[in-house]
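Inspection log for the structure reproduced underneath, given as structure tokens.
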Amino acid sequence: MKLSWAALGLVLLAPLAVRAVEPISLGLALAGVLTGYISYPRLYCLFAECCSQKQSLSRDALQKDLDSKLFGQHLAKKVILNAVSGFISNPKPKKPLTLSLHGWTGTGKNFVSKIIAENIYEGGLNSDYVHLFVATLHFPHVSNITLYKDQLQSWIRGNVSACARSIFIFDEMDKMHAGLIDAIKPYLDYYDNLDGVSYQKAIFVFLSNAGAERITDVALDFWRSGKQREEIKLRDMEHALSVSAFNNKNMHGLLITVTSLVAEHGL
Ligand SMILES: *[C@@H]1O[C@H](CO)[C@@H](O)[C@H](O)[C@H]1NC(C)=O
Ligand SMILES: *[C@@H]1O[C@H](CO)[C@@H](O)[C@H](O)[C@H]1NC(C)=O
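Oh and the sequence shown: position 6 is 32 in the working numbering, straight run, nothing missing.
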């Protein structure tokens with residue numbers, strides 16, 4: 027009898043004890059565990075995307091992505107691979123990485139920017155640290171150019187302050203107002219800091235159709251003279267792109283080039 031009373035007593039006590047103990051102390055214990063996790067950045071970044079999440083970008087993974095998704099662009103592939111992996115692994119770059127991709131629609135310009143974004147941030151183009159601007163979509167009205175300039179500068183500044191390794195992609199550069207391009211230029215230079223913000227770890231990608239005709243011409247010249255596309259060197263493209271009077275041939279773009287890298291990165 028005594029035993030069963032005791033048992034009953036225990037049963038009656040148990041829910042009370044659980045109610046009394048669980049929400050408070052167990053809750054606190056849990057909170058302790060959680061804050062323990064959250065205050066530990068690496069673990070936190072397992073659950074949420076972090077700025078510079080993949081500080082050590084995998085060169086192999088990037089190469090694999092470029093090889094499997096980008097066809098016939100040997101030049102662009104090589105330059106992009108070297109430039110991006112070299113830049114990411116440099117702890118103290120002197121200036122931001124500036125990639126300028128030229129070529130017709132369908133040559134894979136947008137694809138390349140997507141691949142780069144995905145190899146640096148899990149969320150790719152949807153990441154909080156990757157910003158895509160399309161000239162005709164985001165800056166459509168010439169009359170509002172001053173407003174766009176201020177906005178763009180404050181966005182670049184704000185985002186880089188929050189995350190040094192921010193990526194900005196500008197599509198349709200050929201349709202972008204010259205005033206807006208001027209507004210971006212200061213951020214691309216060798217400044218240690220500009221109004222207290224350092225832009226040296228940021229990445230700027232510019233996409234445009236400009237120069238596509240000349241690229242096509244160079245590729246055609248090589249083809250005509252019986253050379254392989256793989257023999258085309260970046261320097262040939264640099265030369266082609268520096269010729270300002272582009273011929274207007276209605277050919278399909280064959281190549282992407284990455285300019286402004288030759289001098290900066292010794293490619
Ligand atoms: C320019 O911006 C102002 C707001 O600052 C807006 O009222 C106006 O409609 C805009 N103009 C155009 C052409 O979008
Ligand atoms: C970052 O850029 C986005 C545009 O991509 C903008 O809407 C946002 O306000 C910027 N953030 C800061 C802090 O400036």
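Heads up, the beta-carbon is just placed ideally off N, CA and C, and yes, glycines get one too.
Phe196 has Phe159, Phe232 as its beta-bridge partners, per DSSP. Rounded to whole angstroms, Tyr213 and Ala102 show a C-alpha spacing of 24 Å. The residues Tyr155, Asn185, Val186, Ala228, in chain order, have a CB closer than 6 Å to that of Ser192 in the same chain once the five nearest residues on each side in sequence are set aside.
Cβ atoms of Met202 and Ala143 stay farther apart than 8 Å, at about 20 Å. Distance from the CA of Ser94 to the CA of Leu158, rounded to the nearest whole angstrom, comes to 24 Å. Taking Val110 as reference, the option from Asp215, Asp86, Ser180, Gln99 with the minimal CA-CA separation is Asp86. Around the beta carbon of Lys135, a 10 Å sphere encloses 16 or more other beta carbons of the protein chains shown; the residue is thus reported as buried. In this structure, ligand 2 has no non-hydrogen atom nearer than 7 Å to the beta-carbon of His128. According to DSSP, Thr124 shares a beta bridge with Phe230.
Contact between Ser115 and Ser82 holds: CB atoms are separated by about 7 Å, below the 8 Å threshold. The beta-carbon separation of Tyr217 and Tyr225, rounded to 7 Å, stays under the 8 Å limit for a contact. A Cβ-Cβ distance of about 23 Å is found for the pair Tyr147 and Glu198, leaving them out of contact under the 8 Å criterion. Leu206 is positioned such that its CB atom lies closer than 8 Å to that of Phe165.
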